[in-house]
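A.B. asks: Numbered by my numbering, the letters in the sequence shown go through residues 32 to 236 in order.
Every residue, glycine too, gets a C-beta built ideally from N, C-alpha and C.
Pasting a structure below so you can have a look.
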Amino acid sequence: MQRRHLLTGLSATLALATLGGCGFQLRRGQRAMAFQTIQLTGFASTSPLATELARALEASGVDVVDSTLQATQAASASQVPTSHLVFEALRDSRDLVVVTKTAYGQVRDMSVRTGVRFRILRGDGSELLGPTQVDLARDLSYNERDALAKQDEAAALQRSMQTDIVNQVLRRLAAIQPAQLLSPAPAATTTAPVSAVHAASQAGR
């Protein structure tokens, strides 16, 4: 029972880990993001990853809005499709997994894991980047006699991995070119003239 409480406390510490500073910075001479506004969807309201990502985007000069409507109000309707993106989180997870136990059933090693699966949509709803997954894991030795210190260590690992994921997402967003914000033109379909189709059918007889 005591071991269960210790593990529960460790999981709670991970969930409430304070946000660390984001290490992503635009290099000198590198242009700003190709888009002006972005909407983050699919995250839980308490997601620390969403909070850190939003702060990092704001620091990069991008306005994080609650909806595409808000982006429309901030710019002319004609600009929204080419200046607005939607970041849709398909999965946002933080897990604490027992890896090994002692012969007496005590936890010896654990794995701290965090990950996100997402896709990026243009302002008109078309898909710019299909489902993409970023998963990280760190091993953690565990000792019940030093549970509080292990909680702090696990929380530090969680913050580090979360910042790493935010940086990877920002690099993907920074790589988007202005031309990619334009929706691809529908594929042209060619239809042979009726006379040509009729002639071909006659020739095949």
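1. Using DSSP with H/G/I as helix, E/B as strand and the rest coil, what is A168?
2. At which residues does the beta strand (DSSP E) containing S142 begin and terminate?
3. Give a single yes or no on whether S78 has its beta carbon closer than 7 angstroms to a heavy atom of the ligand ZN.
4. Let's see if you can read the secondary structure: which residues bound the alpha helix (DSSP H) around E184?
5. So, helix, strand or coil for Q70, using DSSP?
6. Do L71 and A85 have their beta-carbon atoms positioned less than 8 angstroms apart in this structure?
7. 8 angstroms is my cut-off, CB to CB: does A90 come that close to chain D?
8. Which one of T77, L121, H115 and T68 has the shortest CA to CA distance from V95?
9. Can you tell me the Cα-Cα spacing of L12 and I151, whole angstroms?
10. Could you give the residue range of the beta strand (DSSP E) that holds A120?
11. List the endpoints of the continuous alpha helix (DSSP H) containing P79.
12. Compute the beta-carbon to beta-carbon distance between G73 and E119, rounded to the nearest angstrom, for a pair I have assumed lies under 8 angstroms.
13. When DSSP labels each residue in this structure, what does L160 get in the three-state scheme?
14. Does the contact criterion of 3 or more C-beta pairs under 8 angstroms hold for the segment 167 to 181 versus the segment 201 to 208?
15. Taking its Cβ as the centre, do 16 or more other Cβ atoms sit within 10 Å of S114, making it buried, or is it exposed?
16. Can you pull the DSSP bridge partners for D94?
17. Under a three-way DSSP split, which group does A63 fall into?
18. Determine whether the beta carbon atoms of L80 and D126 lie at a separation below 8 angstroms.
19. Using C-beta distances below 7 angstroms, list every residue in its chain close to L121, excluding the 5 sequence neighbours before and after it, in chain order.
20. Output yes or no for whether 8 angstroms exceeds the beta carbon distance between T131 and I196.
C.D. replies: In brief:
1. Correct three-state label for A168: strand.
2. Per DSSP, S142 belongs to the beta strand (DSSP E) from V138 to R153.
3. This structure does not include the ligand ZN; it has no bound ligands of any sort.
4. Segment A178 to A205, the alpha helix (DSSP H) holding E184.
5. Residue state, collapsed to three classes: strand.
6. Contact flag set, yes.
7. No chain D appears in this structure, which consists of one protein chain only.
8. Nearest to V95 by C-alpha distance, out of T77, L121, H115 and T68, is T68.
9. Here the chain comprises residues numbered 32 to 236, so residue 12 is not present and cannot be evaluated.
10. That run of the beta strand (DSSP E) goes H115 to K132.
11. Unbroken alpha helix (DSSP H) run through P79: P79 to A90.
12. About 5 angstroms separates the CB atoms of G73 and E119; that is less than 8 angstroms, so the two are in contact.
13. Residue state, collapsed to three classes: strand.
14. No, they do not touch.
15. Result: buried.
16. Answer by DSSP bridge pairing, in chain order: T68.
17. Note: A63 maps to coil in three-state DSSP.
18. In this structure, the beta-carbon distance from L80 to D126 does not fall below 8 angstroms.
19. Excluding residues within five positions, the ones whose Cβ falls inside 7 angstroms are G73, R148, F149, R150 and P162.
20. With a cutoff of 8 angstroms on beta-carbon distance, T131 and I196 are scored as not near each other.
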